[in-house]
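Numbering-wise (the numbering used here), the sequence shown opens with residue 149 and increments by one. Beta carbons: idealized from backbone N, C-alpha and C, even for Gly. Keep in mind the model is a prediction, meaning the values are calculated, not measured.
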Amino acid sequence: MSYLTKNYNRKKISFKYGKGSYLYSTDNKKYLDFVQGIAVNSLGHAHPKLVKTIANQSKKLWHVSNAFEIPEGEKLAKKLCKKTFADFVMFQNSGAEATEAAIKVARRYFYSIGKPKKNRILCVKNSFHGRTLAAIYASGSKKMTEGFGPKVTGFDHFTFGNHESLKKKITKNTAAIMVETIMGEGGIKVIPDWCLVELRKLCNKKKILLILDEVQCGIARSGDFFAFENSKVKPDIVPIAKGIGGGFPIGAVLMNKKVASAMIPGTHGSTFGGNPLAMTVGNTVMDIVSNKKFLKNVKNISKYFFFKLNNLKKLYPNIIKNIRGKGLLIGLQLQTDQTKFIKKLMDNKLLTIRAAENVVRILPPLNVKKKEINQAVKIINKVCKVLN
């Protein structure tokens, strides 16, 4: 009997250790892990530099409090700001906390300039911004909000790709537009660069803020450090998490100077956010994934993987409907229900995870090897052949 609540539909499998792209189960089977904690283990399992970092820092200091200066956090914040659009960083522990804090920052900014009624956030319907109360209502998903009333107000929604709907939903009370640059749970749907440019123009015209949620698609996952970088757009606020900790819980909100001016002492806090152990891990991850050579390799291996997957799509048009995504955030949209397909992949020792719109989400570590891509393609091909 398990004493854990039943809010997860867990697969009947557990693991005793991992190394790189692989997980080793308690019954001594080896799996190619293309879930990686849902885009969290950016450098795979037990990366030697991360193991060394954690071991060294664990002997010094784990946690103090944000009542004191934390040099490791100052160091990571500086690296993030120097690498990105941001002027300031506010550390959290998770993606949900980061998006919650992003919402607070947007509302607080307008409050600080004497416009407290400008407090509504416009989001994509059926997007995903986390599982806290505000975040589920920001996502606009009936499934996620069912049973958690009363409704958390302050959010409006438009349909993905419906630009007229978006424009009509902006009112005098709209404070910001918040979108995932690449929708993860929603089906691996990429917002094109031209659309990001138009979003920025629209926000400038309406004098509202642009929040780009890069919790899943950021930190080199797309092949660029941020998925929006190629568009040359500068958002006002960006929540991040997942990959920045390489498996260790870290979240953060990046923001420009304008909105950061509203966050004065007492406006937000986090007991564990920015602790020395987390920040030291983040610094090591940041040094690796922000390297130009590393990012170039993510793009090259991604190009190879997409080429291979598109060949499978041509071979099995009755099985594979579409290949979605960018970098190593990949979605295999199927013609039929993905449940059986994911189960067959797992039976053949390849781990993947579902997303909306009948999509199989494929999330290898960013340092995945070409031979591991080939192994995954071989397994996907085998499953397609069986189900064709």
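At a cut of 8 Å, does the region 200-210 reach the region 413-431 through at least three beta carbon pairs?
Two segments are said to touch when three or more pairs of C-beta atoms, one from each, lie closer than 8 Å; by this definition the region 200-210 touches the region 413-431.
Helix, strand or coil for glutamate 222, going by three-state DSSP, please let me know.
Residue state for glutamate 222 is assigned as helix, using DSSP reduced to three classes.
Which partner residues of arginine 268 appear in the DSSP bridge assignment?
Thr322, per the DSSP bridge assignment.
If you compare alpha carbons, which of Thr319, Met238, Ala250, Val183 is closest to lysine 355?
Closest option to lysine 355, Cα to Cα, is Thr319.
Assign lysine 440 to one of three DSSP states: helix, strand, or coil.
In this structure, lysine 440 counts as helix in the three-state DSSP scheme.
Just how far apart, CA to CA, sit glycine 479 and phenylalanine 216?
Inter-residue distance for glycine 479 and phenylalanine 216 is about 43 Å (C-alpha atoms, whole angstroms).
Hey, would you say asparagine 515 sits closer than 8 Å to leucine 180, going by beta carbons?
Taking 8 Å as the Cβ cut-off, asparagine 515 and leucine 180 do not qualify as a contacting pair.
Per the DSSP calculation, tyrosine 172 is bridged to which residue(s)?
Per DSSP, the beta-bridge partners of tyrosine 172 are Tyr165, Lys178.
Let me know if serine 169 comes out buried or exposed under the rule of 16 or more other beta-carbons within 10 Å of its beta-carbon.
In this structure serine 169 is buried. Its beta-carbon is surrounded by 16 or more other beta-carbon atoms within 10 angstroms.
Please classify phenylalanine 306: does DSSP put it in a helix, a strand, or coil?
It is a strand residue.
Along the chain, where does the alpha helix (DSSP H) containing lysine 474 start, and where does it finish?
First-last for lysine 474: 468-474, but that is the beta strand (DSSP E), not the alpha helix (DSSP H).
Backbone CA spacing between lysine 227 and methionine 434 [nearest angstrom]:
Rounded to the nearest angstrom, the two C-alpha atoms are 8 Å apart.
Judging by CA-CA distance, which residue of Asn423, Leu482, Thr307, Lys265 is the nearest neighbour of leucine 209?
Out of Asn423, Leu482, Thr307, Lys265, Asn423 has the C-alpha closest to the C-alpha of leucine 209.
Extract the residue ranges of the beta strand (DSSP E) inside the region 368-456, only unbroken runs of 3 or more that lie entirely within it.
Listed in chain order, the complete beta strand (DSSP E) runs (minimum 3 residues) inside the region 368-456 are 385-388, 399-403.
Report back the beta-carbon spacing between threonine 322 and arginine 255 to the nearest angstrom; my notes put them in contact at under 8 Å.
Going by Cβ atoms, the distance from threonine 322 to arginine 255 rounds to 11 Å, so no, they are not a contact pair.
Secondary structure of valine 188, DSSP reduced to three states:
In the three-state scheme derived from DSSP, where H, G and I count as helix and E and B as strand, valine 188 is classed as coil.
Stretch-stretch touch, CB-based, cutoff 8 Å, three pairs: the region 327-337 with the region 372-379
With a cut-off of 8 Å, the region 372-379 and the region 327-337 count as touching, because enough Cβ pairs lie within range.
Thinking just about the alpha-carbon of each residue, which of Ala408, Glu222, Ala187 is nearest to the one in glycine 366?
With respect to the C-alpha of glycine 366, the residue from Ala408, Glu222, Ala187 having the closest C-alpha is Ala187.
Can you tell me the Cβ-Cβ gap for valine 401 and isoleucine 385, rounded? I've got them flagged as a contact below 8 Å.
The Cβ separation is near 6 Å, so the contact holds.
In terms of residue numbering, what span does the alpha helix (DSSP H) encompassing aspartate 495 cover?
From DSSP, the alpha helix (DSSP H) with aspartate 495 extends over 486-495.
Compute the Euclidean distance between the alpha carbons of lysine 526 and aspartate 235, then round it to the nearest angstrom.
The straight-line gap from Cα to Cα measures roughly 45 Å.
Taking Cβ to Cβ, would you say alanine 286 is nearer than 8 Å to isoleucine 251?
Result yes, Cβ atoms of alanine 286 and isoleucine 251 sit closer than 8 Å.
Is it buried or exposed, tyrosine 156, if we count other Cβ atoms within 10 angstroms and call 16 or more buried?
Tyrosine 156 is exposed by the Cβ-count criterion.
Report back the beta-carbon spacing between leucine 511 and phenylalanine 182 to the nearest angstrom; my notes put them in contact at under 8 Å.
The pair is a contact, with the Cβ atoms about 6 Å apart (cut-off 8 Å).
Alpha helix (DSSP H) segment containing arginine 255, residue limits:
243-260 is the extent of the alpha helix (DSSP H) around arginine 255.
If you draw a straight line from the C-alpha of serine 260 to the C-alpha of methionine 403, how long is it?
Rounded to whole angstroms, the gap between the alpha carbons of serine 260 and methionine 403 is 16 Å.
I'd like to know whether the C-beta atoms of leucine 347 and leucine 357 end up nearer to each other than 8 Å.
For the pair leucine 347 and leucine 357, the CB atoms are not nearer than the 8 Å cut-off.
Quick check: the region 271-290 against the region 404-411, are there 3 or more CB pairs under 8 Å?
No, because fewer than three Cβ pairs between the region 271-290 and the region 404-411 fall closer than 8 Å, the two stretches do not touch.
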